[in-house]
Every structure is written in C-alpha cells, then in structure tokens.
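Peer 1: If you're matching positions, the sequence shown starts at 11 in the numbering used here and goes up one per residue.
Positions of the beta carbon are idealized from the N, C-alpha and C atoms, including for glycine.
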Amino acid sequence: KNYQIRVPGEFKNTDEIRNLVIGANRMGTPIYLRNIAQVKNGFKEQTWSVRVNQKRGVMIWVQKQSGANAVAVSKAVRKKLKEIQKVLPSDVKMQIVMDSSIFIKRSIGRLASTILWGGLLVFLVVLFFLRNIKGSLIVAMTIPFSLIIAFIFLYLAGYSINIISLAGLAVAIGMVVDNAIVAFENVFRHRYELHREAGEAAVFGTAEIGNAIMASTLTTIAIFLPIIFIKGIVGVMFKEMGWDIIIVLAASLFAALFFTPMLSSLLLKEARIKIPTTKVFRIISEKVGVGFDKFSLFYEKLLNWAIHHRGRTILYGILVFAVSLVLLNFIHKEFLPPTDQGQVQGTIETPPGTDLAVLTHIMHQAESLAVKDVPERQNIIIRSGSSPFSGIALAMGQKEGQNYGRLMMQLVPKKDRKRSDREIAHDLAEKIQKIPGVSDVDFAQQDAFAQMAGGGKPISIEIYGYNLTVTDSLAQLIKQKMEHIPGITGIEISRKKGQPELWVNVDRHKASALGLTIASISTTLRTQVFGSTATLYRKGGNEYDIYLRLKKSEREGMNNLNNIF
Numbered sequence: 011k012n013y014q015i016r017v018p019g020e021f022k023n024t025d026e027i028r029n030l031v032i033g034a035n036r037m038g039t040p041i042y043l044r045n046i047a048q049v050k051n052g053f054k055e056q057t058w059s060v061r062v063n064q065k066r067g068v069m070i071w072v073q074k075q076s077g078a079n080a081v082a083v084s085k086a087v088r089k090k091l092k093e094i095q096k097v098l099p100s101d102v103k104m105q106i107v108m109d110s111s112i113f114i115k116r117s118i119g120r121l122a123s124t125i126l127w128g129g130l131l132v133f134l135v136v137l138f139f140l141r142n143i144k145g146s147l148i149v150a151m152t153i154p155f156s157l158i159i160a161f162i163f164l165y166l167a168g169y170s171i172n173i174i175s176l177a178g179l180a181v182a183i184g185m186v187v188d189n190a191i192v193a194f195e196n197v198f199r200h201r202y203e204l205h206r207e208a209g210e211a212a213v214f215g216t217a218e219i220g221n222a223i224m225a226s227t228l229t230t231i232a233i234f235l236p237i238i239f240i241k242g243i244v245g246v247m248f249k250e251m252g253w254d255i256i257i258v259l260a261a262s263l264f265a266a267l268f269f270t271p272m273l274s275s276l277l278l279k280e281a282r283i284k285i286p287t288t289k290v291f292r293i294i295s296e297k298v299g300v301g302f303d304k305f306s307l308f309y310e311k312l313l314n315w316a317i318h319h320r321g322r323t324i325l326y327g328i329l330v331f332a333v334s335l336v337l338l339n340f341i342h343k344e345f346l347p348p349t350d351q352g353q354v355q356g357t358i359e360t361p362p363g364t365d366l367a368v369l370t371h372i373m374h375q376a377e378s379l380a381v382k383d384v385p386e387r388q389n390i391i392i393r394s395g396s397s398p399f400s401g402i403a404l405a406m407g408q409k410e411g412q413n414y415g416r417l418m419m420q421l422v423p424k425k426d427r428k429r430s431d432r433e434i435a436h437d438l439a440e441k442i443q444k445i446p447g448v449s450d451v452d453f454a455q456q457d458a459f460a461q462m463a464g465g466g467k468p469i470s471i472e473i474y475g476y477n478l479t480v481t482d483s484l485a486q487l488i489k490q491k492m493e494h495i496p497g498i499t500g501i502e503i504s505r506k507k508g509q510p511e512l513w514v515n516v517d518r519h520k521a522s523a524l525g526l527t528i529a530s531i532s533t534t535l536r537t538q539v540f541g542s543t544a545t546l547y548r549k550g551g552n553e554y555d556i557y558l559r560l561k562k563s564e565r566e567g568m569n570n571l572n573n574i575f
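See below:
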C-alpha cells in the first residue's frame with residue numbers, strides 16, 4: 011500500500027503556542043516561546059470608538075445596492091433586526107439611530123398630502139366660480155381620472171412613486187382641470203342658454219371647443235416634452251417628472267373630450283338650474299355674483315381702452331417685460347433649494363498624529379455640547395478615529411483618518427422644532443470650534459444635488475504651481491478671504507498636513523557587515539512596532555490571528571526604537 015505522509019503543524023490550543031520551541035541555549039536547553047514572550051488571548055488594537063446616545067456602542071452601517079429602493083431596504087432591515095434582537099442577550103439592545111428613508115417617506119407623505127389638498131382646493135375654486143355643485147363635481151372628477159391614468163403609466167414604465175414623480179403630479183394637478191372647465195362651461199351654455207337636450211348639448215358643446223382644447227393642451231405638452239430628452243444628472247432627476255406631466259395632461263385632454271361630456275349628459279338633465287336653497291350658499295352665491303358683475307364691468311372698460319389704444323398697450327407690455335428681465339437679476343438662483351432632512355452630520359478635525367484617547371476626550375466634549383444645546387435631537391452618535399468603512403465615507407465626500415471624529419444626530423420632525431437642520435449645525439459648529447485641541451470643524455449640510463452626485467463641495471478652487479510652499483500659502487490666503495464672505499461655510503484646503511514621521515537612516519556598510527538588509531530592517535521595525543500576523547489559530551470553525559509585536563512599554567519613545575537593533 012502507498013501512504014501519504016503528513017506532518018500536522020496546526021496548534022490545537024494556546025498551551026501549544028506557549029510551549030513552542032524557538033531555539034536552544036549554549037547548553038542545549040530548549041528555549042520556549044513562553045520564556046521570552048507573553049502569550050495571551052486579546053483583541054486587536056482599538057483604532058476607533060463609538061458612542062450611541064451617550065453610551066458605548068457598535069455602529070453597523072447598512073448600504074443599499076445601486077438601484078435598490080431605499081424605503082423597501084429600510085423596511086426589510088427593520089424586520090430582520092427584530093428577529094436578531096430575539097437571540098441577543100437581554101442587556102444588548104439594537105437601535106436604528108439614522109435612517110435616510112425617513113426623509114424620503116416624510117417628503118412623499120408631504121407631497122401626497124399636497125396633492126390631496128390641491129385637489130380639494132381646485133374643487134372649491136371651481137365651485138366658487140361656477141356656483142354649481144354638479145358642475146364642480148364633474149370638473150373635479152377629472153383629477154382622479156387623470157391620476158389613475160398617470161399611475162398606470164408609472165407601473166407600466168417601471169417607475170416608482172417617489173419625490174420626483176409626485177412633484178410632477180403636484181405641478182400638473184392645477185392644469186388638469188383647465189380643459190374640463192372649458193368643456194363643461196360650453197356644454198352648460200348649450201344646455202341652459204341655447205336650450206338643447208343634455209345629450210345634444212354635450213356633443214355640440216364639446217365639438218365646438220374641441221380643436222381649441224387640443225391645441226392648448228398640445229402646446230403645453232410641447233413645453234415639457236424637451237425635459238425627457240435631457241442627458242446627465244438633470245435628465246435622471248427630471249425625466250420622470252416630464253413624463254408624469256405629459257401623461258397627466260394627455261389624460262386630462264381625453265377626459266375633457268370624452269369623460270366630461272359623458273358626465274354632463276347624465277347630470278344636466280334638469281330643464282332648469284336648481285339653485286340650493288340653503289341660506290349660506292344663497293348669500294355666498296349672491297356676493298360672488300355681485301363681485302363677478304363688477305369685475306366684468308371693469309374688464310370690459312379695460313379691454314375697450316386697450317383696443318382703442320393699441321400702441322400704448324403694446325408699449326406697456328414691452329415695458330413690463332423689460333422690467334421683469336431687470337428684476338430677474340435680483341432673484342437668487344440655485345440648482346435645487348436647500349432641504350431640511352432632519353439630520354445633522356459633521357466632522358471634527360484634530361492635528362495629525364493625535365492619539366485616539368485624546369481624540370475620544372475631545373469628541374466627548376462635543377457630545378456634551380450637542381446634548382446641552384440641541385434639545386431637538388432624537389439620537390446622537392459620535393465616532394472617533396478611522397472606521398472600517400472609511401472607504402464608503404470617503405466616496406460620499408466625508409473626511410476620514412485617525413485624527414478625525416464624526417458627530418451625527420437625527421432630529422425630531424420639522425414641525426416639532428423651530429430651527430432648521432442648517433441653523434442647528436451652524437450654531438453647534440461655532441461652539442465645538444472653541445474646544446481646545448480642535449483644528450477644524452465642518453458641519454456644512456449637503457444639498458440634495460451634492461448627495462446625489464456623491465458628496466463633495468459645490469464650489470471648488472484649484473491652485474496650480476510647482477512650489478508647494480507657495481501654493482499652500484496662497485490657499486491659506488484665499489481661505490482667510492473667503493471666510494469673511496457671508497453665506498459661506500465649511501471652507502477647507504484639500505492638502506492636509508502629513509502624519510508626523512520618524513525617519514530611520516540605515517548605515518548600509520554596518521548593516522551589510524551584520525548581515526542585514528534595508529528590507530529586513532524595515533520588516534523587523536514594522537513587526538515590532540506595528541505588529542504582524544505570524545500565522546493563524548483555528549478553533550471551532552473560526553480563525554484567529556496570531557499577532558506578534560513588542561509590548562506597549564517597549565515600543566513607545568525614541569529610546570526604545572534605538573534599542574531594537
């Protein structure tokens with residue numbers, strides 16, 4: 011028989027590691043690892059710390075995949091956390107302290123509420139002007155009809171109900187009833203002024219203004235049509251909105267030409283207009299009628315003057331247009347308005363080389379200030395040092411490193427506080443800046459565009475040159491000038507001071523005489539100061555690093571470094 015020869019070398023327990031023979035003395039006595047080193051179970055050196063609501067904690071950052079629905083992911087995570095909590099020890103509690111989907115759900119809720127209130131106000135305005143309940147109902151029915159068509163389109167096109175799509179519906183909801191009002195008013199005129207039958211009035215009244223309604227709607231659609239062809243980030247944002255408005259307007263045209271006449275033929279069968287007999291409605295109707303009569307008289311006089319003074323009318327129109335162009339220069343312009351997301355996030359920077367214990371103490375002071383001065387908070391997290399997911403943070407435009415701390419707060423809903431998230435961030439940053447040991451504070455709240463574009467500052471100034479000392483001084487000068495400009499915050503220079511370094515200059519001749527190379531010296535220094543993984547210890551299906559390093563008291567200070575070789 012043939013046998014394989016195998017020499018197992020894995021450690022079965024920590025005692026085998028302690029009793030590892032690493033050599034022998036001159037007498038031949040074996041030297042064990044336990045004779046020259048301490049072998050013990052421990053944890054990796056802490057490079058960062060987290061506090062959640064003023065208690066020590068561990069932060070888990072859940073990042074959704076590209077294209078995934080943030081609200082659906084948040085819902086699934088919350089469901090899974092409830093299952094995990096059941097198997098954890100009773101003294102370990104999990105809490106969601108930051109959730110970006112909350113802002114999305116609140117925004118969608120506000121937009122949905124706006125659409126509902128908008129529909130109600132449209133009905134009341136139509137009732138106010140038409141003074142006919144049936145007519146108001148006929149016109150108002152156009153809104154749900156058009157919205158249903160829009161939702162069917164969203165489903166078939168693979169879109170979701172989000173802030174952009176709802177914003178498009180909110181914009182279009184006021185235009186939806188325009189065609190229906192024109193169609194109903196003409197049907198109403200044919201029915202009660204020309205005394206046609208309800209069916210005839212619906213047919214002839216709609217046919218009379220059909221071409222005009224179609225032309226009016228198509229010109230409005232033509233305004234929004236170019237939006238769906240825009241490329242880049244703007245196209246991603248507003249393409250869906252453009253489609254929503256176009257579909258809703260097309261649906262409103264269909265409703266005005268077919269749906270409104272059909273309802274009118276069914277609801278306008280009475281030979282005479284029935285005016286409600288309630289005292290309140292009668293008084294309101296009379297007041298509105300008097301107001302309409304006065305307005306009609308004023309409009310008649312104004313129109314008559316304009317017809318007989320065409321030159322002046324055109325001149326006044328040109329003047330108004332010119333004045334509007336001048337006033338346009340005094341209106342602030344920006345890509346997207348600032349949004350209150352109910353969160354405050356900021357970075358606190360200390361000098362390079364700051365010890366984690368010192369940074370943690372500074373962050374505790376910042377936490378105390380936030381707890382004292384921000385009663386609007388729901389949750390607060392502070393993080394000191396460089397986190398394991400620093401790559402994600404850097405990709406989002408955040409600053410990371412051993413000398414950085416981060417403070418994050420979830421605020422109560424906007425309706426329950428007087429200050430905006432930007433005001434809270436500005437006030438808190440000014441106070442944290444005064445903490446001894448803090449070199450810079452950046453609590454600038456990112457706008458929606460910056461977050462969608464992956465973070466970063468909205469304004470960037472680049473300085474080119476061959477002399478780094480000169481470019482650094484110019485950058486400092488520009489920063490000082492910009493700090494005095496109102497409305498600017500979070501100014502920073504991208505090139506930071508480097509980490510303090512100790513240089514080890516090797517005497518190549520002496521090293522060669524001792525059989526040492528620069529590579530071996532570098533490896534030894536790294537192992538003894540920073541440590542290295544010598545091998546792995548496996549137990550119970552888990553792997554543990556066997557980490558080799560000098561103990562702390564022997565690797566700190568210049569004298570200890572000089573004594574390594």
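Among the residues of its own chain, which have a CB less than 8 Å from the CB of Val368, if the five just before and after it don't count?
Peer 2: Looking up residue 368 in the sequence shown gives position 358. Here the set comprises Thr360, Gly447.
Peer 1: Quick one: does the C-beta of Thr543 sit closer than 8 Å to a heavy atom of the ligand PLP?
Peer 2: For the ligand PLP, the structure offers nothing, since it holds no ligand at all.
Peer 1: Can you give me the C-alpha to C-alpha distance between Ala529 and Val60, rounded to a whole angstrom?
Peer 2: On the sequence shown, position 519 is the one that residue 529 refers to. On the sequence shown, position 50 is the one that residue 60 refers to. If you draw a straight line from the Cα of Ala529 to the Cα of Val60, it comes to about 37 Å.
Peer 1: Please specify which runs of the alpha helix (DSSP H), each continuous and at least 4 residues long, are wholly inside the segment 133-190, giving them in chain order.
Peer 2: Correct list: 143-150, 152-167.
Peer 1: Check whether the segment 138-155 touches the segment 220-230, counting contact only when three or more Cβ pairs, one atom from each stretch, lie closer than 8 Å.
Peer 2: They do not touch, by the three-pair rule.
Peer 1: Judging by CA-CA distance, which residue of Gly242, Val213, Leu164, Ile183 is the nearest neighbour of Phe194?
Peer 2: Here residue 194 refers to the residue found at position 184 when the sequence shown is read from its first residue. Here the closest residue by C-alpha is Val213.
Peer 1: Using alpha carbons as the reference points, say which of Gly77, Leu524, Leu313 lies closest to Gly168.
Peer 2: Here the question's residue 168 lines up with position 158 in the sequence shown. Checking every option, the nearest Cα to that of Gly168 belongs to Gly77.
Peer 1: In three-state DSSP terms, what is Gln420?
Peer 2: If you number the sequence shown from 1, residue 420 lands on position 410. Strand, per DSSP.
Peer 1: Comparing C-alpha positions only, which one of Val68, Glu250, Ile358, Ala260 sits nearest to Ile231?
Peer 2: One-based indexing of the sequence shown puts residue 231 at position 221. Closest option to Ile231, Cα to Cα, is Ala260.
Peer 1: Would Asn189 be called buried (16 or more neighbouring beta carbons within 10 Å of its own) or exposed?
Peer 2: The residue you call residue 189 lines up with position 179 of the sequence shown. Its Cβ being crowded by 16 or more others within 10 Å, Asn189 is buried.
Peer 1: Could you give the residue range of the beta strand (DSSP E) that holds Ile390?
Peer 2: Numbered from its first residue, the sequence shown carries residue 390 at position 380. Where Ile390 is concerned, the enclosing beta strand (DSSP E) stretches over 387-395.
Peer 1: Mapping the DSSP letters down to three states, classify Thr499 as helix, strand or coil.
Peer 2: Along the sequence shown, read from residue 1 onward, the residue named residue 499 stands at position 489. In this structure, Thr499 counts as coil in the three-state DSSP scheme.
Peer 1: Using DSSP with H/G/I as helix, E/B as strand and the rest coil, what is Ala4?
Peer 2: With the chain running from 11 to 575 in the structure shown, residue 4 is simply not present.
Peer 1: Can you look up Trp71 in the DSSP assignment and give me helix, strand or coil?
Peer 2: By one-based count along the sequence shown, residue 71 stands at place 61. DSSP places Trp71 in coil when its eight states are reduced to three.
Peer 1: Since I believe Asp109 is in contact with Ser84 (beta carbons under 8 Å), could you give me their beta-carbon distance rounded to a whole number of angstroms?
Peer 2: As a first step, residue 84 is located in the sequence shown; it is residue number 74 there, counting from the start. As a first step, residue 109 is located in the sequence shown; it is residue number 99 there, counting from the start. The pair is a contact, with the Cβ atoms about 6 Å apart (cut-off 8 Å).
Peer 1: What does the Cβ neighbour count give for Asn45, buried or exposed, with the cut at 16 atoms within 10 Å?
Peer 2: Here residue 45 corresponds to residue number 35 of the sequence shown, with the count starting at 1. Classification of Asn45: exposed, given that the 10 Å Cβ count is below 16.
Peer 1: If you drop the 5 nearest sequence neighbours on each side, which residues of the same chain put their C-beta closer than 8 Å to that of Ala544?
Peer 2: Taking the sequence shown and counting its residues from 1, the one referred to as residue 544 is at position 534. Excluding positions up to five away in sequence, the list reads Ile556, Tyr557, Leu558.
Peer 1: For Ala463, does the count of other Cβ atoms within 10 angstroms reach 16, so buried, or fall short, so exposed?
Peer 2: Counted from its first residue, the sequence shown places residue 463 at position 453. Its pLDDT being 49, under 50, Ala463 is placed unreliably by the model, and the measurement read from it follows with that caveat. It counts as exposed.
Peer 1: Per DSSP, which one or two residues make a beta bridge with Val451?
Peer 2: Indexing the sequence shown from 1 puts residue 451 at position 441. Under the DSSP definition of a beta bridge, Val451 partners with Ile358.
Peer 1: Are there 16 or more other CB atoms within 10 angstroms of the CB of His200, so buried, or fewer, so exposed?
Peer 2: In the sequence shown, the residue the question calls residue 200 occupies position 190. Per the 10 Å Cβ criterion, buried.
Peer 1: Which class does Gln490 belong to by DSSP, given the choice of helix, strand or coil?
Peer 2: The count along the sequence shown starts at 1 and reaches residue 490 at position 480. Three-state DSSP puts Gln490 in a helix.
Peer 1: Do you know whose CA, among Glu502, Leu571, Ile372, lies nearest Leu535's CA?
Peer 2: Position 525 of the sequence shown holds residue 535. Taking only the C-alpha atoms, the option nearest Leu535 is Leu571.
Peer 1: Helix, strand or coil: which one does DSSP assign to Leu560?
Peer 2: If you number the sequence shown from 1, residue 560 lands on position 550. DSSP places Leu560 in coil when its eight states are reduced to three.
Peer 1: Quick check on this structure: which residue in Ile358, Pro362, Ile118 has the alpha carbon closest to the alpha carbon of Pro510?
Peer 2: For this step, residue 510 is matched to residue 500 along the sequence shown. Nearest option by C-alpha distance: Pro362.
Peer 1: Can you give me the C-alpha to C-alpha distance between Ile328 and Asn339, rounded to a whole angstrom?
Peer 2: Your numbering for residue 328 matches position 318 in the sequence shown. Your numbering for residue 339 matches position 329 in the sequence shown. If you take the alpha carbons of Ile328 and Asn339, they lie about 18 Å apart.
Peer 1: Tell me the residue span of the alpha helix (DSSP H) that contains Lys92.
Peer 2: One-based indexing of the sequence shown puts residue 92 at position 82. Where Lys92 is concerned, the enclosing alpha helix (DSSP H) stretches over 80-97.
Peer 1: Threshold first: 4 residues or longer. Then list the alpha helix (DSSP H) segments lying entirely within the segment 226-281, N to C.
Peer 2: Counting only runs of at least 4 residues, the segment 226-281 fully encloses the following alpha helix (DSSP H) elements, listed from N- to C-terminal order: 242-264, 270-277.
Peer 1: Using the C-alpha atoms, what's the distance from Thr481 back to Phe234?
Peer 2: Within the sequence shown, numbered from 1, the residue matching residue 234 stands at position 224. Within the sequence shown, numbered from 1, the residue matching residue 481 stands at position 471. Approximately 47 Å, taken between the alpha carbons.
Peer 1: Start and end of the alpha helix (DSSP H) containing Ala544?
Peer 2: Here residue 544 refers to the residue found at position 534 when the sequence shown is read from its first residue. Counting along the chain, Ala544 falls outside any alpha helix (DSSP H), though it belongs to the beta strand (DSSP E) covering 542-549.
Peer 1: What is the rounded straight-line gap between the Cα of Met251 and the Cα of Ile183?
Peer 2: As a working note, residue 251 is residue 241 in the sequence shown. As a working note, residue 183 is residue 173 in the sequence shown. Those two C-alpha atoms are separated by around 13 Å.
Peer 1: What residues match up with Gly415 in a beta bridge as DSSP calls it?
Peer 2: By 1-based counting over the sequence shown, the position of residue 415 is 405. Partner(s): Ile358, Ser394.
Peer 1: Can you give me the start and stop residues for the alpha helix (DSSP H) that Gly321 sits inside?
Peer 2: For the purposes of this step, residue 321 is identified with residue 311 of the sequence shown, where counting begins at 1. Secondary structure note for Gly321: its alpha helix (DSSP H) is the uninterrupted segment 320-338.
Peer 1: My output table needs one value for Leu62: the three-state DSSP class, helix, strand or coil.
Peer 2: To locate residue 62, count along the sequence shown from 1; it is residue 52. The residue you asked about is not Leu; residue 62 is Val in the sequence shown. Correct three-state label for Val62: strand.
Peer 1: Whole angstroms are fine: how far does the CA of Ser306 sit from the CA of Trp315?
Peer 2: As a position in the sequence shown, residue 315 is number 305, starting the count at 1. As a position in the sequence shown, residue 306 is number 296, starting the count at 1. Cα-Cα distance, rounded: 14 Å.
Peer 1: Is the segment 426-437 touching the segment 382-391, taking contact as three or more C-beta pairs under 8 Å?
Peer 2: Because the criterion of three Cβ pairs below 8 Å is met, the segment 426-437 and the segment 382-391 touch.
Peer 1: Which residue from His205, Ile114, Ala222 puts its Cα closest to that of Ile171?
Peer 2: Sequence index remark: in the sequence shown, residue 171 carries index 161 (1-based). Comparing alpha carbon positions, the residue from His205, Ile114, Ala222 closest to Ile171 is Ile114.
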